[in-house]
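Residue numbers (our numbering): 1443 to 2051.
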């Protein structure tokens, strides 16, 4: 009992004397004789704050309220320190059931109490840390059910302690982080890792997203098996939101830079197209330039330019790029919203809206069709038709519309200017009355024809013809009838000459036909054919048929008569003069050199021919 630091005592309830074993006194540092065996003396060594506890426990047992007498209390050691004892006793009763004695033991539990108090202090300290930590702390079992959650975690996520205990950690994990969280937790339980750190999102009670960094550790039993998992949660929401804001700003900046770069590239291509279009001498060249540049501006897309026909009955395709098989070659102008309304018409596969009749069926959800009118000087010339196979997002659609509108504006203006230049050029080299080439054009082209013929050693024939008695006809029937005659003769010359021939109104009632590749013999035959064809013509004027029409023709040829354009014309003119002199309505081949023309002209009896 001495080794177990246990002492016995015996209390006579009738005399109130108490026996305390010497070893029990020794636990308080006293010899046997230093403490008397009286209740009052022994009781004086009970720590005053514990006296009531001791007496109440004894009285309850003596009264039969408890089966044994038990109490833990402090006693005063000789050196002034306190010793904790565990007292345990049992009452002895007489035959009448009256309590007469109570015996028991006192066990020194000071060391145990010290350990318990230290443990309680440590637990209190840990609980205080757990409760008041600025980071969130939570405990879950191996099934992921919450066991305990501190105040900071409750404040971070908005759930009460009771609400946490009804959930698992996965119940408040963001769906996008569910799989990762589950995988890492399973690895911890399997012993593959003892701890890990994870950035993840939680769903707050109010439905908002909470970004946190959670450090997870396993708590194991003596067998090394995981029993509990502790997590320490740090709020990263503000930092994450700031990072996301920075990332969005960077993305917007990058998007803006890419958009600016794309716009600059578009502007360069548009400027290049405008420059190339300015250098085009006809619309055919312009169509080729537009297809070349448009294929780069609308990369990966199908497109075409449709222009209105002269009678405005339909729109005809003039140039295409991309998969041209998807496009129609002609369009009914009334079936194109852009052409009829004068505004762009956008049709997307993703929603059902009014669709132009010529738009092919869509095969993908991101397909779209765009028609933009070609408008210049308040006139709609045609349309630009585009097919996009990956239209997605408002910005992409807006850029498409803006770019197509700019391209259409450049094209319409360029086509109008080129058409105007062609018209002016046509007017400059054609006779307005007959539609044939004029003398200016003859003067420009004949030297080139002769130079080319000289290189290829091929002949060139030239016919000069004059309407007989035109002045008399004009004076008699008026200028309107004379103009009608000139138009009829001009039309006959156009019908009876080759496309390679150059037919001109030389001046007044005089015409010239250049016959590339024709020898003098063939030229004479052609002249005779013209004479006969025109002799069959007549004019209806003011209800009166006038005719017949006769012409006189002179023929010369390169290289027989001259290699010089002016001299070749003079030679044919001399022959024409001879045809007039010999009675008109005939063909004469030049047999004189050009230098003889002044002499012949001076001796001519027909100064007004």
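For glycine and all other residues, C-beta sits at the position ideal for the given N, C-alpha and C.
Would you tell me roughly how many angstroms separate the C-alpha atoms of residue 1669 and residue 1491, rounded to the nearest one?
Here the question's residue 1669 lines up with position 227 in the chain shown. Here the question's residue 1491 lines up with position 49 in the chain shown. Each residue's Cα considered, the two are about 42 Å apart.
Rounded C-beta distance between residue 1624 and residue 1612? I'm assuming under 8 Å.
As a working note, residue 1624 is residue 182 in the chain shown. As a working note, residue 1612 is residue 170 in the chain shown. Residue 1624 to residue 1612, Cβ: 7 Å. Contact.
Put residue 1783 into one of helix, strand or coil per three-state DSSP.
In the chain shown, counting from the first residue as 1, residue 1783 sits at position 341. Reduced to three states, the DSSP call for residue 1783 is helix.
Take residue 1892 as the anchor and find which of 2000, 1961 and 1942 has the nearest alpha-carbon.
What you label residue 1892 is simply residue 450 of the chain shown in a count that begins at 1. Of the candidates 2000, 1961 and 1942, the one whose C-alpha sits nearest the C-alpha of residue 1892 is 2000.
Grab the span of the beta strand (DSSP E) containing residue 1652 for me, first residue to last.
Locating residue 1652 in the chain shown gives position 210, counting from the first residue. Here the beta strand (DSSP E) through residue 1652 covers 1651-1662.
If we ignore side chains and look at the alpha-carbon of each, how far apart do residue 1815 and residue 1764 end up?
What you label residue 1815 is simply residue 373 of the chain shown in a count that begins at 1. What you label residue 1764 is simply residue 322 of the chain shown in a count that begins at 1. Their Cα atoms are separated by approximately 20 Å.
Note down, in chain order, each residue of its chain lying with its Cβ closer than 6 Å to the Cβ of residue 1746, except the 5 sequence neighbours on either side.
Reading the chain shown from its first residue, position 304 is the one you call residue 1746. Excluding sequence neighbours, residue 1746 sits near 1759, 1762, 1769 and 1827.
Which word fits residue 1743, buried or exposed, when buried means at least 16 other C-beta atoms lie within 10 angstroms of its C-beta?
The residue given as residue 1743 occupies position 301 in the chain shown. Classification of residue 1743: buried, given that the 10 Å Cβ count is 16 or more.
Compute the beta-carbon to beta-carbon distance between residue 2063 and residue 1529, rounded to the nearest angstrom, for a pair I have assumed lies under 8 Å.
Residue 2063 falls outside the range modelled here, since the chain spans only 1443 to 2051, and no answer is possible.
Cβ atoms of residue 1994 and residue 1910: under 8 Å apart, would you say?
Translated into the one-based positions of the chain shown, residue 1910 becomes position 468. Translated into the one-based positions of the chain shown, residue 1994 becomes position 552. By the CB criterion at 8 Å, residue 1910 and residue 1994 fall inside the cutoff.
Alpha helix (DSSP H) segment containing residue 1969, residue limits
The residue labelled residue 1969 in the question sits at position 527 within the chain shown. Segment 1962-1977, the alpha helix (DSSP H) holding residue 1969.
Determine the closest residue to residue 1383 out of 2025, 1697 and 2015, with distance taken between C-alpha atoms.
Absent from the structure is residue 1383, since the part of the chain shown begins at 1443 and ends at 2051.
Runs of 4 residues minimum, wholly inside the region 1900-1959: which ones carry the alpha helix (DSSP H) assignment?
You should have 1912-1919 and 1921-1937.
Does the distance from the CB of residue 1652 to the CB of residue 1686 come in under 8 Å?
Residue 1652 sits at position 210 when you count from the first residue of the chain shown. Residue 1686 sits at position 244 when you count from the first residue of the chain shown. Contact: no.
Exposure of residue 1693, with buried meaning 16 or more beta-carbon neighbours within 10 Å:
For the purposes of this step, residue 1693 is taken as residue 251 along the chain shown, with counting starting at 1. Residue 1693 should be labelled exposed.
Work out the CA separation of residue 1498 and residue 1650 for me, nearest whole Å.
In the chain shown, the residue the question calls residue 1650 occupies position 208. In the chain shown, the residue the question calls residue 1498 occupies position 56. When rounded, the separation of the alpha-carbon atoms in residue 1650 and residue 1498 is 58 Å.
Pull up the distance between the alpha-carbon of residue 2024 and that of residue 1989, whole angstroms please.
As a position in the chain shown, residue 2024 is number 582, starting the count at 1. As a position in the chain shown, residue 1989 is number 547, starting the count at 1. Straight-line Cα distance between these residues: approximately 21 Å.
Based on DSSP bridge pairs, tell me the residues matched to residue 2031.
Taking the first residue of the chain shown as position 1, residue 2031 is located at position 589. Answer by DSSP bridge pairing, in chain order: 1997.
Judging by CA-CA distance, which residue of 1810, 1982 and 1510 is the nearest neighbour of residue 1831?
Your numbering for residue 1831 matches position 389 in the chain shown. Nearest option by C-alpha distance: 1810.
Distance, residue 1569 Cα to residue 1459 Cα
Here residue 1459 corresponds to residue number 17 of the chain shown, with the count starting at 1. Here residue 1569 corresponds to residue number 127 of the chain shown, with the count starting at 1. Going from the Cα of residue 1459 to the Cα of residue 1569 covers about 47 Å.
Near residue 1448, what residues of its chain come up, given a Cβ to Cβ distance below 6 Å and the 5 sequence neighbours on each side ignored?
Locating residue 1448 in the chain shown gives position 6, where the first residue counts as 1. Excluding residues within five positions, the ones whose Cβ falls inside 6 Å are 1547 and 1549.
Enclosing alpha helix (DSSP H) for residue 1709 [first to last residue]
As a working mapping, residue 1709 is identified with position 267 in the chain shown. From DSSP, the alpha helix (DSSP H) with residue 1709 extends over 1679-1720.
Kindly list the residues whose CB is nearer than 8 Å to the CB of residue 1639, restricted to its own chain and excluding five residues on each side of it in sequence; keep chain order.
Taking the first residue of the chain shown as position 1, residue 1639 is located at position 197. Listed in chain order, the non-local C-beta contacts of residue 1639 below 8 Å within the same chain comprise 1655, 1656, 1657 and 1658, local neighbours out to five positions each way being set aside.
When every heavy atom of the ligand MN is checked, does at least one fall within less than 7 Å of the C-beta of residue 1909?
With respect to small molecules bound, the structure shown includes none, and the ligand MN cannot be examined in it.
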